[in-house]
Amino acid sequence: MSDRQDRDTERPGQEDAGVVPDAPDAQQAHDATDEPGQAEPATAASRPASSAATTARGGSPVIGWLALLLVLALGAGALWWYLQSQELERELRGRIVQLEAAADGRETDVAALGARWQEQLGSDVERMRSGLRGELGTELRHQLQVDLRDELHGTLSRELLQESRRQAAAIESFAAELARQREQLARYSANDGESWLLAEAEYLLRLANQRVIMTGDAVAAQTLLETADDILQEVDDPGLHRARAAIAADVAALRAVPGVDVEGLYLRLAALLEQADALVIFELPEVEAQPRAEEADTWRGRLQQGYESALRKLSDYIVIRRRDVPVQSLMDPQWEGLVRQNL
Numbered sequence: 000m001s002d003r004q005d006r007d008t009e010r011p012g013q014e015d016a017g018v019v020p021d022a023p024d025a026q027q028a029h030d031a032t033d034e035p036g037q038a039e040p041a042t043a044a045s046r047p048a049s050s051a052a053t054t055a056r057g058g059s060p061v062i063g064w065l066a067l068l069l070v071l072a073l074g075a076g077a078l079w080w081y082l083q084s085q086e087l088e089r090e091l092r093g094r095i096v097q098l099e100a101a102a103d104g105r106e107t108d109v110a111a112l113g114a115r116w117q118e119q120l121g122s123d124v125e126r127m128r129s130g131l132r133g134e135l136g137t138e139l140r141h142q143l144q145v146d147l148r149d150e151l152h153g154t155l156s157r158e159l160l161q162e163s164r165r166q167a168a169a170i171e172s173f174a175a176e177l178a179r180q181r182e183q184l185a186r187y188s189a190n191d192g193e194s195w196l197l198a199e200a201e202y203l204l205r206l207a208n209q210r211v212i213m214t215g216d217a218v219a220a221q222t223l224l225e226t227a228d229d230i231l232q233e234v235d236d237p238g239l240h241r242a243r244a245a246i247a248a249d250v251a252a253l254r255a256v257p258g259v260d261v262e263g264l265y266l267r268l269a270a271l272l273e274q275a276d277a278l279v280i281f282e283l284p285e286v287e288a289q290p291r292a293e294e295a296d297t298w299r300g301r302l303q304q305g306y307e308s309a310l311r312k313l314s315d316y317i318v319i320r321r322r323d324v325p326v327q328s329l330m331d332p333q334w335e336g337l338v339r340q341n342l
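Under numbering that gives the first Met the number 0, the first residue of the sequence shown is numbered 0, with each subsequent residue one higher.
Next up, the structure:
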């Protein structure tokens with residue numbers, strides 16, 4: 000298609016190229032006919048000038064035609080490329096559609112083939128099963144039983160061997176751990192035993208201190224201190240002399256503490272709780288309201304009454320304490336009533 004367009008574009012150029020050179024010859028013939036009376040030398044002299052002018056006039060159209068031909072060639076090339084790309088795109092789309100159709104057909108064929116093979120395989124299996132059920136004789140069944148028994152025996156033997164190996168490995172690891180523990184126990188020296196005894200004695204001393212502070216149980220604290228002293232005596236270290244002296248002092252101090260009858264205290268408190276319900280609560284005596292003083296008739300009397308009223312108001316907000324007299328503790332009226340009844 001591009002070659003045809005190039006040939007079509009070249010033909011007008013050739014025709015135009017053939018027409019353009021004829022124009023100067025016709026003009027020269029016309030000039031020659033218009034001036035027949037001119038001399039021959041003049042005609043010969045004017046030929047080079049006329050040919051030069053003709054060449055100058057013919058050069059510009061040739062360049063224009065060449066540019067036009069170049070533009071037409073580029074346009075034809077672009078059109079050809081566009082048409083070729085469209086055709087290629089149509090071909091690719093057609094190929095894609097064909098491939099999709101072929102893939103769908105193949106999937107359908109594969110599914111049908113799989114179903115057919117599955118059906119055929121199922122029928123073959125059923126046929127083989129029925130054949131085996133009907134044709135297997137006593138010898139074949141016995142052979143199958145023997146093979147199955149041998150296979151089970153081999154499987155059990157392998158499993159027993161593996162289990163025995165695992166048990167042997169576990170026993171070896173346990174023996175190694177036991178040996179390591181024995182080595183650690185063997186590395187313990189007399190100093191380590193003494194440290195354990197000292198830690199135990201320290202714990203007993205701390206426990207005795209807690210018993211004395213928290214519960215006040217002198218007997219239990221004394222027992223703990225005596226046990227700690229026995230442990231220090233077993234250590235037999237001269238450096239513990241001061242500690243044993245301090246423990247002896249604490250034991251002597253605890254022995255000097257009189258015994259507390261805890262059970263008797265509980266019984267007394269229980270008796271007091273039973274008597275508490277029978278106690279009478281003291282009631283505050285009712286204060287009679289003082290009669291309101293009559294207002295004075297004179298302005299001096301009213302002034303005196305106002306002054307006294309202001310002093311009473313101030314006495315409610317201001318308390319004057321004397322530092323030279325010891326402060327007496329005040330008692331709640333209810334506690335005062337209980338004290339009066341007990342007295």
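Using N, Cα and C, we set each Cβ at its ideal position, and we do this for glycine too. In this text the structure is predicted, and so the values were computed from the model without any measurement.
For residue i, does the count of other Cβ atoms within 10 angstroms reach 16, so buried, or fall short, so exposed?
i, result
"D103", "exposed"
"V211", "buried"
"Q232", "exposed"
"D228", "buried"
"A28", "Note on A28: pLDDT 38, under 50, position unreliable in the model; no value is reported."
"V324", "exposed"
"I246", "buried"
"A207", "buried"
"Q37", "Note that Q37 scores a pLDDT of 40, beneath 50, so its modelled location is shaky; the value from the coordinates is reported in the next line. So Q37 ends up on the exposed side."
"D21", "In this prediction, D21 scores a pLDDT of 42, lower than 50, which makes its location untrustworthy; no coordinate-derived value is stated."
"L87", "exposed"
State yes or no: is the C-beta of residue i within less than 7 Å of the C-beta of residue j?
i, j, result
"I230", "E199", "yes"
"L343", "L196", "An answer regarding residue 343 cannot be provided, because it is not within the stretch 0 to 342 covered by the chain."
"Q221", "L253", "yes"
Quick one: what's got a C-beta closer than 7 Å to residue i's C-beta in the same chain, skipping five residues either side?
i, result
"A43", "Bear in mind that the predicted position of A43 carries a pLDDT of just 40, short of 50, making it too unreliable to give a figure here."
"A219", "R210"
"A66", "none"
"A270", "none"
"L345", "The structure shown does not extend to residue 345, since the chain is modelled only from 0 through 342, so no value can be given for it."
Leaving out the 5 sequence neighbours to the left and right, which residues in its chain are closer than 8 Å to residue i when beta-carbon positions are compared?
i, result
"R94", "none"
"T226", "L203"
"L264", "none"
"S314", "none"
"I317", "none"
"L151", "none"
Of the choices the options, whose alpha-carbon is the least far from that of residue i?
i, options, result
"P257", "A244, D216 and E285", "D216"
"W334", "S308, Y316 and L278", "L278"
"I280", "L239, L91 and V338", "V338"
Go through its chain and collect everything with a Cβ distance to residue i's Cβ below 6 Å, but skip five positions before and after it.
i, result
"D249", "L224"
"E9", "Confidence at E9 is low in this model, with a pLDDT of 42, below 50, so its placement is unreliable and no value can be given for it."
"A72", "none"
"V234", "E193 and L196"
"E273", "none"
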